[in-house]
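A short worksheet on the structure shown next.
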Amino acid sequence: MKRLERGARKEMISLPQKDGTVKRFGRSAAKDAYLNAMIRLGAGEDAPEPHPLLAAARNSTEAWWRESVYASGADEAWTEPVEDLSE
Numbered sequence: 003m004k005r006l007e008r009g010a011r012k013e014m015i016s017l018p019q020k021d022g023t024v025k026r027f028g029r030s031a032a033k034d035a036y037l038n039a040m041i042r043l044g045a046g047e048d049a050p051e052p053h054p055l056l057a058a059a060r061n062s063t064e065a066w067w068r069e070s071v072y073a074s075g076a077d078e079a080w081t082e083p084v085e086d087l088s089e
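Here the sequence shown stands for residues 3 to 89, where the numbers follow this note's numbering.
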């Protein structure tokens, strides 16, 4: 049983949290979270809720996650409408 658990963990993304816990996500969650972050970008009030991986990245103790696009996508400033500079 332990061997199966270890094997399953290899297929997971683990994000250590500031409170000492670890958030785990399946590998496909990274793709879903990235898509969610891009949909949220500049969407204003129409922005969907951040994917749980985005919130976990923002709260991670690892700098790589905290400074990544994943963490930025959870930020409310990320959803502010982008000024139209086309004129």
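For each residue, glycine too, the CB sits at the ideal point set by N, CA and C.
Three-state secondary structure (DSSP) of S70: DSSP places S70 in the coil class of the three-state scheme, outside both helix and strand.
Whole-angstrom C-beta distance between A45 and T23, which should lie under 8 Å: Rounded, the Cβ-Cβ distance is 30 Å, inconsistent with contact.
Using the beta-carbon count (16 or more within 10 Å), is K25 buried or exposed? buried
Could you tell me whether the Cβ of Y36 comes closer than 8 Å to any Cβ of chain B? Going by chain labels, chain B is absent from the structure shown, which holds only one protein chain.
Where DSSP assigns a beta bridge to K33, which residues make up the other side? Its beta-bridge partners do not exist; DSSP assigns none.
Measuring alpha carbon to alpha carbon, tell me which of T63, E47 and I41 ends up nearest L17. T63
With C-beta atoms as the reference, is G75 less than 8 Å away from A39? yes
In whole angstroms, what separates the C-alpha of R68 from that of E89? 36 Å
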